[in-house]
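From first to last, the protein sequence lines are chains F and D. All residue numbers for the first sequence refer to this note's numbering, where the first residue is -14 and numbers rise by one. All residue numbers for the second sequence refer to this note's numbering, where the first residue is 8 and numbers rise by one. Yeah, the Cβ is synthetic: ideal placement off N, Cα and C, and Gly gets one too. Just so you know, these numbers come straight off a predicted model, no measurement behind them. Worksheet: the structure to be examined is printed underneath.
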Amino acid sequence: MTPDAIETVFRDEAGRALATLIRLVGDFDLAEDALQDAFAAALLKWRGSDAPANPRAWLVNVARNKAIDRIRRRRNFRGKEQQIVHAIELDAADEEEAAPPDLDDDMLRLIFTCCHPSFAPEVQVALTLRTVCGLTTAEAARAFLSTEEAMSQRLVRAKQKIRLAGIPYEVPGRDALEERLRGVLTVIYLVFTEGYLATSGTELIRHDLACEAIRLGRLLLGLMPDAGDIKGLLALMLLHDARRAGRTDAAGDIVLLEEQDRSLWNREQIAEGLALVEQALGVKGRPQPYTVQAAIAALHAQAPSYDQTDWRQIVGLYEVLLRIAPSPVIELNHAAAVSMVDGPARALGLVDSLAARGGLKQYDLLPAVRADLLRRLDRREEARAAYLAASDATQLAPLKRLYASRLAELDAG
Amino acid sequence: MQYLLMIYQNEVEYAKRDKNTEQAMLAEYQTFTQSIIASGNYKGGDRLQPTTTATTVRVRDGKMLTTDGPFAETREQLGGYYMIEAKNLDEAIGIAARIPGARIGSIEVRPIWQYDH
Chain F
-14 MTPDAIETVF
-4 RDEAGRALAT
6 LIRLVGDFDL
16 AEDALQDAFA
26 AALLKWRGSD
36 APANPRAWLV
46 NVARNKAIDR
56 IRRRRNFRGK
66 EQQIVHAIEL
76 DAADEEEAAP
86 PDLDDDMLRL
96 IFTCCHPSFA
106 PEVQVALTLR
116 TVCGLTTAEA
126 ARAFLSTEEA
136 MSQRLVRAKQ
146 KIRLAGIPYE
156 VPGRDALEER
166 LRGVLTVIYL
176 VFTEGYLATS
186 GTELIRHDLA
196 CEAIRLGRLL
206 LGLMPDAGDI
216 KGLLALMLLH
226 DARRAGRTDA
236 AGDIVLLEEQ
246 DRSLWNREQI
256 AEGLALVEQA
266 LGVKGRPQPY
276 TVQAAIAALH
286 AQAPSYDQTD
296 WRQIVGLYEV
306 LLRIAPSPVI
316 ELNHAAAVSM
326 VDGPARALGL
336 VDSLAARGGL
346 KQYDLLPAVR
356 ADLLRRLDRR
366 EEARAAYLAA
376 SDATQLAPLK
386 RLYASRLAEL
396 DAG
Chain D
8 MQYLLMIYQN
18 EVEYAKRDKN
28 TEQAMLAEYQ
38 TFTQSIIASG
48 NYKGGDRLQP
58 TTTATTVRVR
68 DGKMLTTDGP
78 FAETREQLGG
88 YYMIEAKNLD
98 EAIGIAARIP
108 GARIGSIEVR
118 PIWQYDH
């Protein structure tokens, strides 16, 4: 194998191998160190030869032995650690026969541990990105506008809490599952939105994060195939991600929905998303926010063009969302949809009322939507000021370029 | 693992409760305590006298300073505790949620420091 091919195997297998190792050795740090050791061993062993038949099993097996070595090497070797080594070796015997679904269970255990409600939400996301998604500490810091040092401290404290507070490495029991699942879905959604539209930096789309979130969604659904809200979230992610190829141009600049070339959208993924939305909508009980959002995405995905979109139904769905999961972002999206049904003047009233209530401070999309409505109302000077405000409010280079080009269009008349 | 479950609530509000409510609460606490004794989780537990009876001691530069009460600016005060044995944090949280005081105030769940002997 070439070093590149080995690297690819690592990337594909690291998350699951780590999840299994944590269960075997019962310690996040020890598991990570042992996996690093196993990677180093693989680089030596696999170079110039074929990959083993089951690289993940190979990695887990070697890492487990490395973990035992590490425990034995520790200076204060005591009877208790002998017991741990014995337990890991015992588990090893079972592991030989373990079928792939068990490995998925390990992954799920890892997600639920990282998303334990005894962690603050931002810690849940950080821990998931680092441990489940395999991002480096620096990448996780970058994704959430934190310094590497702060992110590293946060992760150290979180892993310490898992050990010292006895946070279990397991999927919660049925009684707690529903409450805990909500937190897990929120984290997956946050990972996806960060991948769908990065909060900073030069790249608009961090495809690796969006992919990882979709993979986690599929994994969860595989293990809880009847959960309507998982279906809704997975559908939402698939439908948004299906538009990826149309969302940027050759220069990496953003292309807004109304200007996108719809032939670039991934039809296969849209079909999968539509089928999931339908199933999610069929689940009895209160509509779930992710499902309603997915239904909106489905209407966009099915529309032959921007003008021929079923805006009336989209407005209705946003009104449902405003009842079940109100937020300033939903209000803003609602207003934008209203502008397509009742015209920009009514929408501007909604946006201004949102702004007057102090909603969405420090969020560039509010002035951007305002600017667009003002432009459509031919109130040019105000539109100009709003585009400038939007540009000041964003950290993202492609969005700054978008607002600059809108300003240039205004000036050109 | 062992955990200390600390019961915090507003003791001024709590003191205003009428006799019947107080009796009902005591009975609930007794039932709860019996249940965790029966399940083997109970290690100890007590109700505390109100913070007006408390004295705080500090030693600074070798000198002892004794003051009245704890710093009582917080909205909720420590009113009692349970010491429990639980399999993991989830079991401890489950027990904490069944403490009658959880419905009025809040329960802090803290693992006990384990020393290696």
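Beta-bridge pairing of residue i - partner residues as DSSP gives them
i	result
residue 70/D	67/D
residue 118/D	10/D
residue 207/F	Answer is none; residue 207/F lacks a bridge partner.
residue 15/D	85/D and 113/D
residue 60/D	DSSP lists no partner for residue 60/D.
residue 239/F	233/F
residue 49/D	91/D
residue 75/D	62/D
Residue-chain proximity (residue i, chain D), Cβ-Cβ < 9 angstroms
i	result
residue -12/F	no
residue 96/F	no
residue 161/F	yes
residue 157/F	yes
residue 150/F	yes
residue 137/F	no
residue 272/F	no
residue 106/F	no
residue 313/F	no
residue 319/F	no
residue 290/F	no
residue 131/F	no
Outcome for residue i when other beta-carbon atoms lying within 10 angstroms are tallied against a minimum of 16
i	result
residue -13/F	exposed
residue 309/F	exposed
residue 48/D	buried
residue 71/D	exposed
residue -11/F	exposed
residue 318/F	buried
residue 25/D	exposed
residue 65/D	exposed
residue 333/F	buried
residue 297/F	exposed
residue 282/F	buried
residue 352/F	buried
residue 232/F	buried
Reduced DSSP secondary structure (H/G/I, E/B, other) of residue i
i	result
residue 379/F	coil
residue 90/D	strand
residue 298/F	helix
residue 200/F	helix
residue 111/D	coil
residue 84/F	In this prediction, residue 84/F scores a pLDDT of 44, lower than 50, which makes its location untrustworthy; the coordinate-derived value is nonetheless stated afterwards. If DSSP states are grouped into helix, strand and coil, residue 84/F belongs with coil.
residue 106/D	coil
residue 11/F	coil
residue 372/F	helix
residue 165/F	helix
residue 219/F	helix
residue 108/F	helix
residue 360/F	helix
residue 54/D	strand
residue 24/F	helix
residue 413/F	Look at the range of chain F in this structure, -14 to 398, and you will see that residue 413/F is not part of it.
residue 59/F	coil
residue 182/F	coil
residue -3/F	helix
residue 170/F	helix
residue -13/F	coil
residue 39/F	coil
Chain F within 9 angstroms of residue i, Cβ atoms only
i	result
residue 95/D	yes
residue 10/D	yes
residue 103/D	no
residue 106/D	no
residue 100/D	yes
residue 57/D	no
residue 77/D	no
residue 116/D	yes
Within the region 254 to 310 of chain F, ranges of the alpha helix (DSSP H) (whole runs, at least 4 residues): 274 to 287 and 296 to 309
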